[in-house]
Amino acid sequence: AIEEHALYSFLFLVNLLSPYFPQDCSVLENDSKMTEEVKENKSEKLQRPTPRLNERILSSLSRRSVAAHPWHDLEIGPGAPVIFNVVIEISKGSKVKYELDKKTGLIKVDRILYSSVVYPHNYGFIPRTLCEDNDPLDVLVIMQEPVLPGC
-5 AIEEHALYSF
5 LFLVNLLSPY
15 FPQDCSVLEN
25 DSKMTEEVKE
35 NKSEKLQRPT
45 PRLNERILSS
55 LSRRSVAAHP
65 WHDLEIGPGA
75 PVIFNVVIEI
85 SKGSKVKYEL
95 DKKTGLIKVD
105 RILYSSVVYP
115 HNYGFIPRTL
125 CEDNDPLDVL
135 VIMQEPVLPG
145 C
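In the numbering used here, the protein residues as written are -5 to 145.
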């Protein structure tokens, strides 16, 4: 029940912020697996992605003999831009700054913060997006619990 409440709180926040997303970012549309139905429904407001994110990731990984690249291989989600998938790079409360290695798809330690500063919330990116700095669109996931990097 707590997880579902956190999900709905997050989705509500995303719904409020979606008009404020940077205009200099774009979604990478070269997905051969995207169906016509998903393309048609992209602009419609959805209550919840179907199937759930966990099932989509497991399904995506089961079709491969190697791990999925978190930026290129994971889908942005059928409900984007209202509801979308996020890959967490840095956990809430962490002093360790991780960064996505674009070549390998691994999330590597970038640096450790040696001060009293910690990341106040889970920090990550939206898969299949690209901004001016050639990085995916950054996201701050506001919730009570930390999420492990790579999730």
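Backbone N, C-alpha and C define an ideal beta-carbon position, used for all residues, glycine too.
Note that the structure is a prediction, hence the values are computed from the model and not measured.
- Beyond the five residues adjoining it in sequence on each side, Y92 comes within less than 8 Å, by CB distance, of E83, I84, I101, K102, V103, D104, P143 in the same chain, given in chain order.
- Secondary structure at Y108: coil, using DSSP grouped into helix, strand and coil.
- Contact annotation: F78 and I120 have beta-carbon atoms nearer than 8 Å.
- The residue among L68, L124, G87, R122 with its C-alpha nearest the C-alpha of L107 is G87.
- By the C-beta density criterion, P114 is exposed, having fewer than 16 other C-beta atoms within 10 angstroms.
- With 16 or more neighbouring CB atoms inside 10 Å of its own CB, T123 falls in the buried class.
- Around G118, the same chain offers V80, V81, I82, E83, V133 as residues with beta carbons nearer than 6 Å, after the five sequence neighbours per side are excluded.
- Per DSSP, the beta bridge partners of F119 are V81, D132.
- Between the C-alpha atoms of L68 and S110 there is a straight-line separation of about 34 Å.
- In the structure shown, E69 falls within a coil segment according to DSSP collapsed to helix, strand and coil.
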